[in-house]
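Asker:
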Amino acid sequence: MKRHVAAAAVVLSALLGTTAATAKTNAESLTGAGSSFVFPLVSTWAPLYEAATGVHVSYNPIGSGGGIQAIQNRTVDFGASDAPLTTDQFNNCKGCVQIPWALSATSISYKLDGAPPHLKITGKVLAAIYLGKVTKWNDPALKKLNPGVSLPDTTITPIFRSDGSGTTYNFTDYLSHVSGEFAQKIGTSTQVNFPVGVGARGSSGVSGVLQRTNGGIIYVDVAYALRSHFSFFKVQNAAGKYQLPGLRGIAAAASSVKSVPANNALSIVNPANSNKLAYPICTFTYVLLPLKTDKAPALRKFIFWALTGGQKYGAKLLFVPVPKVVLVAAEKTLTKVKS
Numbered sequence: 000m001k002r003h004v005a006a007a008a009v010v011l012s013a014l015l016g017t018t019a020a021t022a023k024t025n026a027e028s029l030t031g032a033g034s035s036f037v038f039p040l041v042s043t044w045a046p047l048y049e050a051a052t053g054v055h056v057s058y059n060p061i062g063s064g065g066g067i068q069a070i071q072n073r074t075v076d077f078g079a080s081d082a083p084l085t086t087d088q089f090n091n092c093k094g095c096v097q098i099p100w101a102l103s104a105t106s107i108s109y110k111l112d113g114a115p116p117h118l119k120i121t122g123k124v125l126a127a128i129y130l131g132k133v134t135k136w137n138d139p140a141l142k143k144l145n146p147g148v149s150l151p152d153t154t155i156t157p158i159f160r161s162d163g164s165g166t167t168y169n170f171t172d173y174l175s176h177v178s179g180e181f182a183q184k185i186g187t188s189t190q191v192n193f194p195v196g197v198g199a200r201g202s203s204g205v206s207g208v209l210q211r212t213n214g215g216i217i218y219v220d221v222a223y224a225l226r227s228h229f230s231f232f233k234v235q236n237a238a239g240k241y242q243l244p245g246l247r248g249i250a251a252a253a254s255s256v257k258s259v260p261a262n263n264a265l266s267i268v269n270p271a272n273s274n275k276l277a278y279p280i281c282t283f284t285y286v287l288l289p290l291k292t293d294k295a296p297a298l299r300k301f302i303f304w305a306l307t308g309g310q311k312y313g314a315k316l317l318f319v320p321v322p323k324v325v326l327v328a329a330e331k332t333l334t335k336v337k338s
C-alpha cells in the first residue's frame, strides 16, 4: 500500500507540475459546498492543507442536495454528496465526476430520559418507527430487543432531514434493504416523504431538535452524534449481531467492496451475513468535480492529498480510510479532471 501511494504521488506530482512553494506563491483558493456529513472531516483538512501548501480551502455544509446544485451551477470549485449522482444529475452537471473520498457511518441517535446509551434495535423495527407503526418506547418490539431495560410509555418522535440529504439517502437505502414495506412505500432517495415525524435542515438542525425532544430519534452521522454526546443504538446486522458505528464496524462494512463500477457509485449497507463485525448503515461520501476547470491542478492536488495523507486525520471523527480498491479507482478518475 505504501509503495502504491508513493508511486501515485510521483505520477500526480508530474501531472500537476506544481509544488507547495508554487502554491504558496500563487495563493490559490478552493471553494466547496454540500454534505454536512463530511463537514467535520473537511474542516479538519482545510487548515492542515493550507499550512502545508498555502492553498485556502473553504467549505459550506449546505447538504448534499445543495452541493449537487452548486457544482451543477459551477458556483463552487467542488461539491460533496453522500449519495451518488443519479443519471439526471450527471446529465445536468454537464461533465462531472464523483470520487469516493471518505467513509463513515450513520448513527441512529436518541434522547430518552433514564435510558442506557446503547439500546438495541433492528432494521425492521426502525423502519416501523419511521412508517408510524411503532409509536411508543415501551412497544413490545423494543422491549423484546432490550430485556431488563425499563422502557417508559413515552411517545417516539422520529426526526428527519427536510432538505436534500445524502444521510437520508444512506438511511433510506438501508431501510429499503431490510424492509420490503419501507422500500415500497418510501423508497431510497435524498429527500422522501416520511408519514410521521418532525423535519429539520442539516445535521445541526436535526441534532438541535433531538436535544430538546425527549423520546426523539434521528439518523445522523456518527461524528455529530459524538460531538453532541448523543446516545445511539446498537443496530443488528445481517449476521444477527448488534454493532455500534465504530471504526471496526465501518471498516468491516467497507471490506465488502471487491470492485468499483465505472461511475464510482457504491452502496455498502446491510453487508452479507458472513460479515459479522459490520455496522449495517455505513456510506462512502463523494467529492464532485467538473471535468474541465481552470482550477484543475489545484483541485487534483487537494483531492489527492485528501485521499492519501488526509485519511489519517479521520479516525477521531470515526472516518475510516478508503479501501485500496476504492483508492485506485479514485486516483484513476481524478486524472480526468483537466484545465
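Following numbering that gives the first Met the number 0, the numbering of the sequence shown begins with 0 at its first residue and continues without gaps.
Just so it is clear, CB atoms sit at the ideal spot from N, CA and C, and this is done for glycine as well.
1) Can you tell me the Cα-Cα spacing of A45 and K233, whole angstroms?
2) Under 8 Å, do A224 and S108 count as touching if we go by C-beta distance?
3) Quick one, are the C-beta atoms of W100 and Y285 less than 8 Å apart?
4) Indicate the three-state DSSP secondary structure (helix, strand or coil) for V197 in the structure shown.
5) Roughly how far, in whole angstroms, is the beta-carbon of Y173 from the beta-carbon of P260, given that I think they are within contact range, below 8 Å?
6) Starting from the C-beta of P116, find all residues in its chain whose C-beta is less than 7 Å away, skip the five residues before and the five after it, and write them out in chain order.
7) Can you tell me which of the three DSSP states V205 falls into?
8) Where in the stretch 196-267 do unbroken runs of the beta strand (DSSP E), each at least 3 residues long, occur, reported from the N-terminal end onward?
9) Between A237 and I267, what straight-line distance do the alpha-carbon atoms span, to the nearest angstrom?
10) Would you kindly work out how many angstroms separate the C-alpha atoms of S206 and S178, rounded to a whole number?
11) Under 8 Å, do A251 and A277 count as touching if we go by C-beta distance?
12) Given V75, which residues of its chain have a CB within under 6 Å of its CB, disregarding the five upstream and five downstream residues?
13) Per DSSP, what kind of secondary structure is Y58 in: helix, strand or coil?
14) Rounded to a whole number of angstroms, what is the C-alpha to C-alpha distance between K184 and G214?
15) Rounded to the nearest angstrom, what separates N269 and V133 at their Cα positions?
16) Looking only at its chain, what residues have a beta carbon closer than 7 Å to the beta carbon of T332, apart from the 5 residues adjacent to it on each side?
17) Pop quiz: G62 and S164 are said to be a contact at Cβ under 8 Å. What is the actual Cβ separation, rounded to whole angstroms?
18) Would you mind sorting V325 into buried or exposed? The rule is 16 or more other CB atoms within 10 Å of its CB.
19) So, using beta-carbon positions, are V195 and P139 closer together than 8 Å?
20) Out of L298, K275, G198 and L317, which has the shortest C-alpha to C-alpha gap to K337?
21) Using a Cβ-Cβ cutoff of less than 7 Å, which residues in the same chain neighbour G309 once the five nearest sequence positions on both sides are dropped?
22) Just curious, the alpha helix (DSSP H) that A277 is in, first and last residue?
23) Runs of 4 residues minimum, wholly inside the stretch 36-119: which ones carry the alpha helix (DSSP H) assignment?
24) Pull up the DSSP beta-bridge partners for T154, would you.
25) Does DSSP classify G308 as helix, strand or coil?
26) Nearest-angstrom Cα distance between V54 and G198?
27) Taking the alpha carbon of T282 as the reference point, which residue from G239, A126, T86 and P244 has its own alpha carbon closest?
Answerer: Put simply:
1) Residue mapping note: residue 45 aligns to position 46 of the sequence shown, counting from 1. Residue mapping note: residue 233 aligns to position 234 of the sequence shown, counting from 1. Between A45 and K233, the C-alpha separation is close to 32 Å.
2) What you label residue 224 is simply residue 225 of the sequence shown in a count that begins at 1. What you label residue 108 is simply residue 109 of the sequence shown in a count that begins at 1. For A224 and S108, yes; Cβs fall inside 8 Å.
3) For this step, residue 100 is matched to residue 101 along the sequence shown. For this step, residue 285 is matched to residue 286 along the sequence shown. Going by C-beta atoms, W100 is nearer than 8 Å to Y285.
4) As a working note, residue 197 is residue 198 in the sequence shown. Strand, per DSSP.
5) Mapped onto the sequence shown, residue 173 falls at position 174. Mapped onto the sequence shown, residue 260 falls at position 261. Not quite, the Cβ-Cβ distance comes to about 20 Å (not below 8 Å), so this is no contact.
6) Taking the first residue of the sequence shown as position 1, residue 116 is located at position 117. Excluding positions up to five away in sequence, the list reads S230.
7) Position 206 of the sequence shown holds residue 205. Of the three classes helix, strand and coil, the one that applies to V205 here is helix, per DSSP.
8) 197-199, 215-220 and 233-235
9) Position 238 of the sequence shown holds residue 237. Position 268 of the sequence shown holds residue 267. Taking the straight line from one Cα to the other gives about 12 Å.
10) Within the sequence shown, the letter at position 207 stands for residue 206. Within the sequence shown, the letter at position 179 stands for residue 178. If I take the Cα positions, the gap works out to 25 Å.
11) Counting from one through the sequence shown, the residue named residue 251 turns up at place 252. Counting from one through the sequence shown, the residue named residue 277 turns up at place 278. In this structure, A277 lies closer than 8 Å to A251 by Cβ.
12) Taking the first residue of the sequence shown as position 1, residue 75 is located at position 76. Cβ neighbours of V75 beyond the five flanking positions: T30, G31, A32 and A69.
13) Indexing the sequence shown from 1 puts residue 58 at position 59. Of the three classes helix, strand and coil, the one that applies to Y58 here is strand, per DSSP.
14) Position 185 of the sequence shown holds residue 184. Position 215 of the sequence shown holds residue 214. Answer to the nearest angstrom: the Cα atoms are 24 Å apart.
15) Counted from its first residue, the sequence shown places residue 269 at position 270. Counted from its first residue, the sequence shown places residue 133 at position 134. If I take the Cα positions, the gap works out to 22 Å.
16) Taking the sequence shown and counting its residues from 1, one reaches residue 332 at position 333. Same-chain partners within the cutoff: V96, I98 and N263.
17) Your numbering for residue 62 matches position 63 in the sequence shown. Your numbering for residue 164 matches position 165 in the sequence shown. With a Cβ gap of about 5 Å, G62 and S164 count as contacting.
18) Locating residue 325 in the sequence shown gives position 326, counting from the first residue. V325 is buried by the Cβ-count criterion.
19) Sequence index remark: in the sequence shown, residue 195 carries index 196 (1-based). Sequence index remark: in the sequence shown, residue 139 carries index 140 (1-based). Going by C-beta atoms, V195 is not nearer than 8 Å to P139.
20) Along the sequence shown, one-based indexing puts residue 337 at 338. The shortest Cα separation from K337 among L298, K275, G198 and L317 belongs to L298.
21) By one-based count along the sequence shown, residue 309 stands at place 310. Only W44 meet the Cβ criterion.
22) Stepping through the sequence shown from its first residue, residue 277 is reached at position 278. First-last for A277: undefined, no H or E at that position.
23) 38-52, 63-71 and 86-92
24) Locating residue 154 in the sequence shown gives position 155, where the first residue counts as 1. Partner(s): K135.
25) One-based indexing of the sequence shown puts residue 308 at position 309. It is helical.
26) Sequence index remark: in the sequence shown, residue 54 carries index 55 (1-based). Sequence index remark: in the sequence shown, residue 198 carries index 199 (1-based). Whole-angstrom Cα-Cα distance: 37 Å.
27) Here residue 282 corresponds to residue number 283 of the sequence shown, with the count starting at 1. Ranking G239, A126, T86 and P244 by Cα distance to T282 puts P244 first.
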